[in-house]
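Chemist:
Protein chains: 2
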Amino acid sequence: MLRLPKLTDYAVVILTAMAQMPEQIQTTNGLAQRTSLPLPTVAKVLKQLTKSGILSALRGTHGGYRLSRAPTAITVADIVVALDGPVAVTDCVDSQQGHCNVENRCAMRGQWDAINRAIKSALEAVTLADMLKTQQKAWLETEQPQPAAQATA
Amino acid sequence: MLRLPKLTDYAVVILTAMAQMPEQIQTTNGLAQRTSLPLPTVAKVLKQLTKSGILSALRGTHGGYRLSRAPTAITVADIVVALDGPVAVTDCVDSQQGHCNVENRCAMRGQWDAINRAIKSALEAVTLADMLKTQQKAWLETEQPQPAAQATA
DNA sequence: CGATAGCGTACTAAATCAGTACAGAATAAC
DNA sequence: GTTATTCTGTACTGATTTAGTACGCTATCG
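Structure (structure tokens):
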């Protein structure tokens with residue numbers, strides 16, 4: 001439950017791939033290949049991330065995308081907000097009707113807000129750089145059974 | 154984003170209503186009226202909550218539902234799990250395909266798990282009793298401008 | 001000016017979720 | 001023991017959301 005939209009997950013995957021070479025300009029096509037994700041989907045995600053300022057786009061012959069900030073300065077919360085908008089578990093159910101028609105439902109907003117804030121904090125605590133580190137560590141452990149440069153296991 | 158299914162929200166509303174008289178046996182019908190929610194929907198939610206052990210059901214002429222535990226022992230996490238299953242923001246996208254076909258996607262599970270745990274903690278921190286208290290306080294402030302018995306405001 | 005690569009919008013299809021219906025089983029009253 | 005009441009379970013339908021696709025436009029480089 002509490003499922004994150006798939007596109008958001010894709011965004012994390014794509015950005016992690018980009019973070020492997022943060023300075024490099026990378027094309028939609030190249031990223032689609034490296035992540036094994038369908039090209040149009042990757043394009044959609046990249047556009048969205050650009051609109052939110054996480055990526056910078058360069059058009060023209062040798063154009064492509066690049067991270068706008070360092071991987072340490074991009075949090076999972078940033079990515080989630082970019083794709084799905086602000087973090088809010090409930091919208092007081094029928095916010096379009098002025099105020100809730102259920103006697104004391106709105107009254108519980110206080111507690112929900114606290115929950116929302118806690119979730120947001122959790123998402124803000126993890127950066128792209130963290131994701132990358134975890135990923136590389138897992139890769140080392142899987143592909144190279146003998147740990148050489150890993151003291152802090 | 155990160156929207157909770159509507160039924161889960163309903164469940165919280167219904168349980169809060171029940172917590173106002175925790176000992177009382179309450180019928181589906183009565184609860185539907187008190188919450189202004191459609192009867193079949195309320196019935197569905199109550200069934201689900203019973204299956205998860207949050208409520209006890211009594212059949213027959215004077216039957217109905219009752220909280221199985223004290224409101225202080227029922228957390229929002231319990232309710233969410235009852236309605237939507239275990240808290241998991243991602244399911245590693247295509248878990249049905251053995252392991253991810255995207256090179257190093259699974260490698261990020263560590264970070265996602267940390268995020269999941271943080272969210273779960275946030276949900277576990279709030280009990281039905283907390284919800285009820287917040288609601289009653291809000292009600293007092295709205296309906297009765299002059300605070301009489303509120304020292305800890 | 002032509003090729004490449006991103007931009008924006010709109011549309012279609014699929015999956016999920018909410019809501020409804022209905023037949024069955026248990027309990028209590030008469 | 002029959003009847004009324006209230007929960008149980010499953011299956012279906014409709015609506016909403018989300019994912020995916022298509023296509024025409026704009027910008028940059030050679």
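Protein chains in written order, with my numbering: chain X, 1 to 153; chain B, 154 to 306. A virtual CB, placed ideally from N, CA and C, is assigned to each residue, including glycine.
For residue 210 (chain B), which residues does DSSP report across the bridge?
Modeler: Mapped onto the second sequence, residue 210 (chain B) falls at position 57. Bridge partners of residue 210 (chain B): B:218.
Chemist: Classify residue 120 (chain X): buried if its beta carbon has 16 or more other beta carbons within 10 angstroms, exposed otherwise.
Modeler: Residue 120 (chain X) sits at position 120 when you count from the first residue of the first sequence. By the 10 Å Cβ count, residue 120 (chain X) comes out buried.
Chemist: Rounded to the nearest angstrom, how far is the Cβ of residue 90 (chain X) from that of residue 112 (chain X), given a contact under 8 Å?
Modeler: For the purposes of this step, residue 90 (chain X) is identified with residue 90 of the first sequence, where counting begins at 1. For the purposes of this step, residue 112 (chain X) is identified with residue 112 of the first sequence, where counting begins at 1. Contact between residue 90 (chain X) and residue 112 (chain X) holds: CB atoms are separated by about 5 Å, below the 8 Å threshold.
Chemist: Between residue 45 (chain X) and the rest of its own chain, which residues show a CB-CB distance below 7 Å, the 5 nearest in sequence each way excluded?
Modeler: Within the first sequence, residue 45 (chain X) is the residue found at index 45, counting from 1. The residues are 7, 10, 11, 14.
Chemist: Is any beta-carbon of chain B found at less than 7 Å from that of residue 94 (chain X)?
Modeler: Within the first sequence, numbered from 1, the residue matching residue 94 (chain X) stands at position 94. Here the model assigns residue 94 (chain X) a pLDDT of 42, short of 50, so the residue's position is not dependable and the matter cannot be decided.
Chemist: Using a 10 Å radius around the Cβ and a threshold of 16 neighbouring Cβ atoms, would you call residue 61 (chain X) buried or exposed?
Modeler: Mapped onto the first sequence, residue 61 (chain X) falls at position 61. That one is exposed.
Chemist: Going by DSSP, name the residue or residues bridged to residue 280 (chain B).
Modeler: The residue you call residue 280 (chain B) lines up with position 127 of the second sequence. Partner(s): B:228.
Chemist: DSSP beta-bridge partners for residue 26 (chain X)?
Modeler: The residue labelled residue 26 (chain X) in the question sits at position 26 within the first sequence. Residue 26 (chain X) pairs with X:65.
Chemist: Buried or exposed for residue 64 (chain X), going by 16 or more other Cβ atoms inside 10 Å?
Modeler: The residue you call residue 64 (chain X) lines up with position 64 of the first sequence. Residue 64 (chain X) should be labelled buried.
Chemist: Does residue 173 (chain B) get closer than 7 Å to chain X when you measure Cβ to Cβ?
Modeler: As a first step, residue 173 (chain B) must be located in the second sequence, where it is residue number 20. Residue contact with chain X for residue 173 (chain B): absent (no Cβ-Cβ distance below 7 Å to any residue of chain X).
Chemist: If you follow the alpha helix (DSSP H) that residue 37 (chain X) is part of, which residue opens it and which one closes it?
Modeler: As a first step, residue 37 (chain X) must be located in the first sequence, where it is residue number 37. That residue, residue 37 (chain X), is in no alpha helix (DSSP H); it is neither H nor E in DSSP.
Chemist: Using only alpha-carbon positions, find the residue among X:24, X:17, X:21, X:72 that is nearest to residue 31 (chain X).
Modeler: Locating residue 31 (chain X) in the first sequence gives position 31, counting from the first residue. Closest option to residue 31 (chain X), Cα to Cα, is X:17.
Chemist: Nearest by alpha-carbon distance to residue 19 (chain X): which of X:72, X:58, X:124 is it?
Modeler: Within the first sequence, the letter at position 19 stands for residue 19 (chain X). When only C-alpha atoms are compared, the closest one is X:72.
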